[in-house]
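Below is one structure, written out as structure tokens, with a few remarks after it.
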Amino acid sequence: MQVVILAGGLGTRLRPLTHTVPKPMVLIKGKPFLEYQLEMLKKNGFEDFILCTGYLGEKIEEYFGNGKKIGIHIKYSKENEPLGTGGALKKAENFLEDEFIVVYGDSFLDMDYNAAITYKNKSKKLGTTVVFRNNPKIVKSNIEISQTCEVLNYDKKNEGRSNYVEAGVHIFQKEVLSFVPENSVFSLEEELLPILIKKRELNAYITDKRFYDIGTFERLNIFHKVL
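Those letters in the sequence shown? Residues 1 to 227, by the UniProt record's numbering.
Shown next, in the form of structure tokens:
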């Protein structure tokens, strides 16, 4: 199965590190974060990658090329202007197979991906998002799910009755891109997921694995310590 990595963000909270490289290329123990991510996904059986790049995306392509040096295949979908996470995914549409995984270029989750894919296919939903139970509370909760693991609400700003956290991994049918307008700024999290929730086409796969991200200096330091 293809893995799409959304790697086009500006990384403003990691400045000055991101003045000269995009966030996924920030060095951790001498190696770009994205390399750790790709190696982990390769270990989980994935070899076919689409990298959605934007800000300083040429730095990513110069370093990884077609992926041969680390034993994978990479294609690039490049944004000339920021399109948001959903817009970037839409721009890559012609590269995509009927089903694919989406991960963020600043997140890291080493879990049983095959189990999540099997769960998604049994559910027959258009989308599955990976979550972990936020107990004990590690970060702010943002997803509410039913007893049958249907996603009821996603809200990054208001926890409400949420007690789960979106873990930065989604599995989608290509059909979800029909809800995303062409050449427009569009958010996967704040626009596409709510559409799928309203249509009852999104469920949750619960993992007990901790996910990490490098969106801030604090979280970057945490990931550095767990390597």
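Ideal placement from N, C-alpha and C gives every residue a C-beta, glycine not left out.
Nothing here was measured: the structure is a model prediction, and the numbers come from that model.
Note the first and the last residue of the continuous beta strand (DSSP E) segment covering residue i.
| i | result |
| --- | --- |
| G168 | 164-173 |
| G127 | 127-133 |
| I143 | 143-145 |
| F100 | 99-104 |
| I206 | 202-206 |
May I have the straight-line CA-CA distance separating residue i from residue j, to the nearest angstrom?
| i | j | result |
| --- | --- | --- |
| D110 | K42 | 11 Å |
| L152 | T207 | 18 Å |
| K31 | M25 | 8 Å |
| E166 | F132 | 7 Å |
| N114 | G87 | 27 Å |
| T95 | D155 | Checking the sequence shown, residue 95 turns out to be Phe, not Thr. C-alpha separation (whole angstroms): 30 Å. |
| E182 | Y119 | 30 Å |
Identify the residues that DSSP records as bridge partners of residue i: which are they?
| i | result |
| --- | --- |
| P32 | L27 |
| I5 | L51, V103 |
| H73 | D48 |
| E150 | N203 |
Just to confirm the assignment, what range does the alpha helix (DSSP H) spanning residue i have?
| i | result |
| --- | --- |
| F179 | Where F179 is concerned, there is no enclosing alpha helix (DSSP H), given that its DSSP letter is neither H nor E. |
| T85 | 84-91 |
| H224 | 217-226 |
| K120 | 113-123 |
Could you name the residues of the same chain whose beta carbon sits closer than 6 Å to that of residue i, not counting the 5 residues immediately before and after it, in chain order?
| i | result |
| --- | --- |
| G57 | K78 |
| N66 | I74 |
| C149 | N203, A204 |
For residue i, which residues from the same chain have a beta carbon less than 8 Å from its beta carbon, with the 5 sequence-adjacent residues on both sides left out?
| i | result |
| --- | --- |
| L14 | K23, V26, I214, G215, T216, F217, L220 |
Closer than 7 Å by C-beta to residue i: which residues in its own chain qualify, once you throw out the five before and the five after it? Chain order, please.
| i | result |
| --- | --- |
| N134 | S141, N163, Y164, V165 |
| F64 | I74 |
At least three beta-carbon pairs within less than 8 Å, the segment 208-226 to the segment 141-158: Short answer: they don't touch.
At least 3 beta-carbon pairs within less than 8 Å: the segment 13-27 vs the segment 191-203: The segment 13-27 makes no contact with the segment 191-203, as fewer than three CB pairs between them are under 8 Å.
Contact the segment 163-178 vs the segment 63-75: 3+ CB pairs below 8 Å: These segments do not touch.
Touch test, the segment 43-62 against the segment 91-101, Cβ-Cβ under 8 Å, three pairs minimum: Three or more Cβ pairs closer than 8 Å define a contact, and the segment 43-62 meets that threshold against the segment 91-101.
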